[in-house]
Ligand SMILES: Nc1ncnc2c1ncn2[C@@H]1O[C@H](COP(=O)(O)OP(=O)(O)O)[C@@H](O)[C@H]1O
Ligand SMILES: Nc1ncnc2c1ncn2[C@@H]1O[C@H](COP(=O)(O)OP(=O)(O)O)[C@@H](O)[C@H]1O
């Protein structure tokens, strides 16, 4: 593995859940290049999967003509991932995080995505300009052996 | 599979042979979405692998700070792939295509990449602006059943 | 296919076993939901979900378990999960599913867990 | 690793068997080249390349065969290729390697092909 310089990877795909597998493959390869083990790689795959699924379903309302952009920056001690959309945006602070037991009582099928991202990544930060450029930035610290 | 509209996918990666696997994964996923079978998918993977390996080795002379861009456009009846670099470029017409037997006699390890692309794809076309934007465009027709 | 996922169902000792295979995400979750829905509609409330060949799960997959668990439990049944690979297991764990669902080693163990519970409706 | 590739070598009846595993491209070809180079330097000119676990090959991988074939043949040896999966086989075929290299079904067949040829140098 060669490090000591920042490496940037960018992926643009049509906004369709069909492309979540492609996005995960992209993230997985980069995670392995970062020296993460299989389970850690899977955790980052999930965080990005959740972020992109939200963009596809919520930001774009399943409009398949839109585009999801995933940027990954690999440095010596972090892997930084940005998910970008030009969709309707939202106020993440206004989203109520319900307990899983409550979601179950209410027979909800959703409401775990953002929690998953926060549990898995070291930083999760939204930056919204609805209709222009909404951005979700996630950082994972690399604990080098 | 939903078709009837064009889908565009773009991948940017640092110019390093380490990223050929990532590029192949990208192409493979798109090939499968196009409905190609495993062997056909592999042929397109190879064409793009050869194109990108040439950019990494020849256009950029293994300068890992440079970027390789792969664009794929999926329509109802074609898969079109563009490989872009800002490297030194070359005149494809001036490259002599030697027989494999001759390459073997001369103990060459290279000289098969461009031939491979041409054998596998229906169209292969270079568009050179050295230092600015060199582009290799390859098209594969989809023979729908 | 890159996003390949399939569910196959069988009945064992009055219990429905749904075997998941592949990648369970927002794209493929509807297929899993449909499969569980079919069991529940048929009055089959004792369900084992065999995850031996499940390579990946995201929250969309977990959502399917959440949607149905109350309903089958109210009907005297349950959804038991078995044979989870570590990569998938860590997802269940991280979201606290381990304390909300019974997750066991293999199908026979999952089936046995139903043995002592009351008979289901159908 | 996504670009995983490995070569492992063994000797059978005075023949070097190199087993390739994974993806052979411009990134991994140097490892294969090194392995063949080592055999040839040791005077081992009768080489079988076992492709049973080779999932992918690009022209960079084919280039390794091209580099050494003349040298080992001049020394009375050969490089025989065996157990190629169809995806890899179509690459050999499309570039005409089938008429330039002996490509057979498995290691014993490849080894047997050396039986009638002259003894090698070392
Ligand atoms: N990128 C986004 N654009 C618009 N709304 C979003 C976005 N991400 C999340 N949301 C909103 O936040 C809610 C909670 O998201 P999440 O925790 O991922 O659960 P789920 O997506 O399963 O509902 C969503 O239901 C949606 O209303
Ligand atoms: N993208 C490129 N930029 C600059 N030179 C190139 C490029 N692609 C090919 N070439 C030139 O064409 C030659 C033949 O390429 P190719 O047939 O792919 O074989 P190989 O790459 O194995 O030499 C190369 O050796 C190189 O000189």
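Chains as they are written, first to last, in this note's numbering: chain A, 52 to 196; chain B, 52 to 196; chain C, 181 to 302; chain D, 181 to 302. For every residue, glycine included, the Cβ atom is placed at its ideal position computed from N, Cα and C.
- Between the alpha carbons of residue 151 of chain B and residue 213 of chain D lies a gap of roughly 18 Å.
- The beta carbons of residue 206 of chain D and residue 137 of chain B sit no closer together than 8 Å.
- For residue 187 of chain D, there are no C-beta contacts with chain B under 7 Å, since the nearest C-beta of that chain is about 16 Å from it.
- For the 8 Å CB-CB criterion, residue 283 of chain D and residue 259 of chain D do not form a contact.
- Sequence-distant partners of residue 99 of chain A (beyond 5 residues in either direction) whose C-beta falls short of 8 Å from its own C-beta, in its chain, are 74, 75, 78, 121, 132, 134 and 189.
- When C-beta atoms of the region 167 to 187 of chain B are compared with those of the region 265 to 280 of chain D, three or more pairs fall below 8 Å, so the two segments count as touching.
- Non-local C-beta neighbours of residue 193 of chain A in its own chain, meaning closer than 8 Å and more than five positions away in sequence, comprise 85, 86, 87, 127, 128, 129 and 130, ordered along the chain.
- Of D/263, D/236, D/225 and D/197, the smallest CA-CA separation from residue 92 of chain B is found for D/236.
- Annotation: residue 162 of chain A to residue 149 of chain A spans about 7 Å, alpha carbon to alpha carbon.
- Between residue 254 of chain D and residue 225 of chain D, the alpha-carbon positions lie close to 9 Å from each other.
- Counting other Cβ atoms within 10 Å of its Cβ, residue 119 of chain A reaches 16 or more and is therefore classed as buried.
- From the beta-carbon of residue 153 of chain A, no residue of chain C is found nearer than 7 Å; the closest lies around 10 Å away.
- Bounds of the beta strand (DSSP E) holding residue 187 of chain A are 185 to 192.
- Contact with chain A is found for residue 267 of chain C, since one of that chain's Cβ atoms lies less than 8 Å from the residue's Cβ.
- Listed along chain D, the residues sitting closer than 8 Å to residue 159 of chain B by beta-carbon distance are 243, 246 and 247.
- Just so you know, the alpha carbons of residue 102 of chain A and residue 281 of chain C end up roughly 26 Å apart.
- In this structure, the alpha-carbon of residue 140 of chain A lies about 12 Å from that of residue 146 of chain A.
- Boundaries of the alpha helix (DSSP H) harbouring residue 289 of chain C: 287 to 295, taken from the DSSP string.
- Under DSSP, residue 135 of chain A takes part in a beta bridge, and its partners are A/120 and A/186.
- Taking CB atoms only, residue 263 of chain C has no neighbour in chain A less than 8 Å away.
- According to the DSSP secondary-structure assignment, residue 115 of chain A is paired through a beta bridge with no residue.
- Taking all protein chains shown into account, residue 180 of chain A has fewer than 16 neighbouring C-beta atoms within 10 Å of its C-beta and is therefore exposed.
- By the rule of a C-beta closer than 5 Å to any heavy atom of ligand 2, the residues picked out are B/105, B/106, B/109, B/110, B/141, B/146, B/161, B/162, B/164 and B/165.
- Between residue 205 of chain D and chain B, the shortest Cβ-Cβ separation is below 8 Å.
- Excluding sequence positions up to five before and after residue 63 of chain B, its CB lies within less than 7 Å of the CB of 118 and 120, all in the same chain and listed in chain order.
- In the three-state scheme derived from DSSP, where H, G and I count as helix and E and B as strand, residue 213 of chain C is classed as helix.
- Annotation for residue 211 of chain D: 185, 186 and 187 place their beta carbon closer than 8 Å to its own, counting only its chain and skipping 5 residues before and after.
- Take residue 287 of chain D, set aside five residues on each side of it, and the residues of its chain with a beta-carbon closer than 8 Å to its own are 192, 197, 228, 230, 262 and 263, in chain order.
- Excluding sequence positions up to five before and after residue 294 of chain D, its CB lies within less than 6 Å of the CB of 195 and 226, all in the same chain and listed in chain order.
- Excluding the 5 residues flanking it on each side, residue 240 of chain C has same chain C-beta neighbours closer than 6 Å at 205, 206 and 209, in chain order.
- Inclusion of residue 271 of chain D and residue 234 of chain D in the CB contact set at 8 Å is not warranted, their separation being larger than that value.
- For residue 66 of chain A, there is no enclosing beta strand (DSSP E), as DSSP gives it neither H nor E.
- With fewer than 16 other beta carbons inside 10 angstroms of its own, residue 178 of chain A counts as exposed.
- Relative to the non-hydrogen atoms of ligand 1, the Cβ of residue 101 of chain A comes within a distance shorter than 7 Å of at least one.
- Secondary structure of residue 91 of chain B (DSSP, three-state): helix.
- At a threshold of 7 Å, residue 138 of chain A counts as near ligand 1, since its beta carbon sits closer than that to one of the ligand's heavy atoms.
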